[in-house]
Amino acid sequence: MDEESAMVDGVGRTIDYLRISVTDKCNLRCQYCMPKEGIKLMPHEALLTLEEITRVCHILAEMGIKKIRITGGEPLVRKNIGKLIADIHAIPQIEDVAITTNGVLFAPMAEELHRAGLDRVNLSLDTRDGKNFAQITGKDELAAAEQAMESALEQGMTLKINCVPCRQLNDADVVAVAQLAKERPVDVRFIELMPIGCGASFDGIPSEEILRRLEAVFGEAEAVAERRGNGPAEYYSFEGFQGKIGFISPLSHKFCDRCNRVRLTAEGRLKLCLHYDHGIDLRELLRDETMDNEHIRERIIRAVAQKPEAHHFEGLDDKDADKRKMYQIGG
Ligand code: SAM
Ligand code: SF4
């Protein structure tokens, strides 16, 4: 397989982005993501080993994946995550390794992660109010999340802040979160809450409403014409801001026609769409000694051809909808 291979799905979308959930464990309990009482964790042997994850990355990199994001659960609770990042970073076709984290464990690991080749960090932060942070996440850890932000910037990593606006949880906090893009050289993105798992019990705030609220405080926003990367966010600039404000609007502005990603769950399912269960059990193939990389590649090509054309979160009640929760998929 040559280095210029491209993976194209059944409707012509090029797939070059892999998101890997390395664990279903988390050190927080964000109300819209995990139940307060905790979850029944997967048995350890059900999780892909780090070696298995690296093997999948090698196979997919040869098929056209160029960009990999590590997520979870909370990815930094997985042992030897720095080694995994270094091993993925060393794959010649991989141009970019990023992580999505709640930041609680990040600061003391920042240097090691940077050395391992971590280029970019997305930090999830729904509020800058300490009391509300504890209320939303179940833990009094705002200071650690803020420290994560400073450590990532000190290491020279590209940092983005992700915030999920939700009427019941952080309605009053979104302006303060956006203000971070004025104070620090970071982009702040607002992500519409999707009706997945616990998220279905809360009301997300549509992107348009957040934009109007920010304009009332910071003045008129200017839409950024060129795309920043090939992600789904639409960006705006505000006068006097160091970073941009982005909106990821899977509900109000569906972007499935531009979808370039597949997901690997912690138990090894290659998942083709956030909404649907379509995909294949790679763990079974990886642990089958009769399967070499070429066979696995053939199975992946067949699966990717079946990638759903779009999500239908707005329609719901879909018999094929995935029952997995966000902490199992990785967002
Ligand atoms: N623990 C890490 C973190 O919080 O960044 C990574 C995993 S978490 C599942 C990834 C992202 O998904 C977080 O930014 C979180 O806010 C977001 N998320 C969780 N449930 C969601 C939902 N129902 N709709 C939209 N985003 C959601
Ligand atoms: Fe954990 Fe991230 Fe889910 Fe919060 S959003 S409970 S930090 S996995």
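Using this note's numbering, you'd call the opening residue of the sequence shown number 1 and step up by one each time. By construction, the Cβ of each residue, glycine as well, lies at the ideal position given by its N, Cα and C atoms. The structure displayed is predicted, hence computed values, not measured ones.
DSSP, read as helix, strand or coil, puts Ile-196 in coil. Contact holds between the stretch 137 to 156 and the stretch 99 to 106, because three or more Cβ pairs, one in each stretch, are under 8 Å apart. Arg-69 is bridged by DSSP to Arg-19, Ala-98. Within 8 Å of the C-beta of Val-175 there is not a single heavy atom belonging to ligand 1. One residue list follows from the rule of a beta carbon closer than 5 Å to any heavy atom of ligand 2, given in chain order as Cys-26, Leu-28, Cys-30, Cys-33, Met-34, Asn-102, Tyr-327. Ranking Pro-308, Thr-290, Gly-117, Leu-285 by CA distance to the CA of Arg-299 puts Leu-285 first. Beta-bridge partners of Arg-212 (DSSP): none assigned. In this structure, Glu-146 has its CB at a distance of at least 8 Å from all heavy atoms of ligand 1. C-alpha of His-311 to C-alpha of Arg-261: approximately 13 Å in a straight line. Tyr-327: member of the alpha helix (DSSP H) spanning 326 to 329, first to last residue. Taking a contact as a CB-CB distance under 8 Å, the pair Lys-254 and Gly-10 does not count as one, their CB atoms being some 18 Å apart. Annotation for Glu-154: the continuous alpha helix (DSSP H) segment containing it runs 142 to 154. Set against 8 Å, the gap from the CB of Cys-198 to the closest heavy atom of ligand 1 is smaller. At a threshold of 8 Å, Asp-171 does not count as near ligand 1, since its beta carbon sits no closer than that to any of the ligand's heavy atoms. Residue pairing by DSSP leaves Met-34 without any beta bridge partner. The stretch 88 to 98 and the stretch 39 to 47 do not touch, with fewer than three beta-carbon pairs separated by less than 8 Å.
By the Cβ test, the stretch 95 to 104 is in contact with the stretch 66 to 82, since at least three Cβ pairs between them sit closer than 8 Å.
Gly-246 and Glu-234 do touch by the CB rule: their CB atoms are close to 7 Å apart, below 8 Å. Under the 8 Å Cβ criterion, the stretch 118 to 129 counts as touching the stretch 171 to 188, having at least three qualifying pairs. When the alpha-carbon of Arg-212 is set against those of Lys-66, Phe-238, Arg-258, the nearest one is in Phe-238. Taken atom to atom, the span from the alpha-carbon of Val-304 to that of Gly-12 is near 11 Å.
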